[in-house]
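Going by my numbering, the residue at position 39 of the sequence shown is 39; the numbering climbs one at a time, nothing skipped. The beta-carbon is built from N, C-alpha and C at its ideal position, and this holds for glycine as well. Encoded as structure tokens, the structure appears first; notes follow it.
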Amino acid sequence: MRSPGARRAVVVWVLAALAAVLSPLVAVAADVGVGRFAGTARLPGCSGAVARWPAALDTDPAVVLTNGHCVRRPFLGAREVLVDERRWTRVELLDGHGDVARTVRGVRLQYATMYRTDVALLSLRETYAELAGDGVTPLTLASDGPARGERVRIPSGYWTEQRTCATAGTAYRLHERTWDWWHAIRLPARDGCAIRGGYSGSPVVSQDTGLVVGIANTAYVGGRRCVDSACEEGRRGRVRMVRDMNYGQQTWLLLTCLDAGRTFDLDTPGCRLPKPPP
1 MRSPGARRAV
11 VVWVLAALAA
21 VLSPLVAVAA
31 DVGVGRFAGT
41 ARLPGCSGAV
51 ARWPAALDTD
61 PAVVLTNGHC
71 VRRPFLGARE
81 VLVDERRWTR
91 VELLDGHGDV
101 ARTVRGVRLQ
111 YATMYRTDVA
121 LLSLRETYAE
131 LAGDGVTPLT
141 LASDGPARGE
151 RVRIPSGYWT
161 EQRTCATAGT
171 AYRLHERTWD
181 WWHAIRLPAR
191 DGCAIRGGYS
201 GSPVVSQDTG
211 LVVGIANTAY
221 VGGRRCVDSA
231 CEEGRRGRVR
241 MVRDMNYGQQ
251 TWLLLTCLDA
261 GRTFDLDTPG
271 CRLPKPPP
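This is how it looks when you write it as structure tokens:
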């Protein structure tokens, strides 16, 4: 017969072994609970994300991030900037599993442009706390862009599907028809980022930090250079269309336009986004 001390030792060993097995399972379960589509949104013809500034409060009105080319047909002009316009845009906010958690209206277009970047901000009536009550988890923006080779994921609220790849650096200038975008994030299709129509406005999320480092906006489709597909311009002026290369826009620029009260304001000192022409 084993002594009580021996029995206690066996029990301790079994509990330790169970803890070692269950700990990673709990971590996986927690990750699944959040889900890959947490914070994503579906707009007419486009994707988006419920974005949260790093210093935002739960009581702040929530904002939805998408592309500038998703807010109007025909598209915005090459140098056009829209600021503080009333809107009534239907937006479906998804939970982590891709199900619609809440349908809201974007009541104000805070900002939109296709000049130097391709981005738009829609303001909601609902606060982050109110959305959390329905299972909507916002995504937080990173203070800088992705490093070359950084692993990212691109969850599309429109399609409820996701692409993953490693970034291939940035394009100095990106041209498509009359628009030009600066320092666009290169997202190789053959590495897993073969995005398609409807991915526009999808967040580009760092797999290391979980923060939004960009927003998908255009894809290689072949055809005419700089017309049907975007083309890259290098620092020395060389222009080329890169086969199977898709692109996203930097989102850290938005953070440069936040004032001390966490309000988006183009007059904030150091704001890097284009302003409306005088």
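Residues near residue i in its chain [Cβ-Cβ closer than 8 Å; skip 5 each side]
{"i": "L255", "result": "W53, P54, L141, S143"}
{"i": "R272", "result": "L253, T256, C257"}
{"i": "V100", "result": "R42, E92, L93, L94"}
{"i": "V205", "result": "L139, V152, R153, I154, P155, L211, V212, V213"}
Secondary structure of residue i, DSSP reduced to three states
{"i": "V34", "result": "helix"}
{"i": "E130", "result": "helix"}
{"i": "G214", "result": "strand"}
{"i": "D191", "result": "helix"}
{"i": "C226", "result": "coil"}
{"i": "G48", "result": "strand"}
First through last residue of the beta strand (DSSP E) which encompasses residue i
{"i": "L187", "result": "179-188"}
{"i": "D244", "result": "Note, D244: premise wrong, no beta strand (DSSP E); not H, not E."}
{"i": "V64", "result": "61-66"}
{"i": "E176", "result": "170-176"}
Residue i, enclosing alpha helix (DSSP H) - first and last residue
{"i": "L255", "result": "252-255"}
Residue nearest to residue i in terms of C-alpha spacing, selected from the options
{"i": "T167", "options": "P276, T268, M245, P278", "result": "M245"}
{"i": "H69", "options": "T113, G133, V213, I154", "result": "T113"}
{"i": "G169", "options": "E176, W182, W159, R163", "result": "W182"}
{"i": "R235", "options": "G192, D265, A171", "result": "A171"}
Where residue i falls, given that 16 or more other Cβ within 10 Å makes a residue buried
{"i": "P276", "result": "exposed"}
{"i": "V34", "result": "exposed"}
{"i": "Q249", "result": "buried"}
{"i": "E176", "result": "buried"}
{"i": "A78", "result": "exposed"}
{"i": "T218", "result": "buried"}
{"i": "W179", "result": "buried"}
{"i": "L57", "result": "exposed"}
Residues near residue i by beta carbon distance below 7 Å, same chain, minus five either side
{"i": "G222", "result": "D228, S229"}
6 Å Cβ shell around residue i - same chain, five flanking residues per side excluded
{"i": "V239", "result": "C231, E233"}
{"i": "P155", "result": "R36, F37, T40, Q162"}
{"i": "M241", "result": "R225, S229, C231"}
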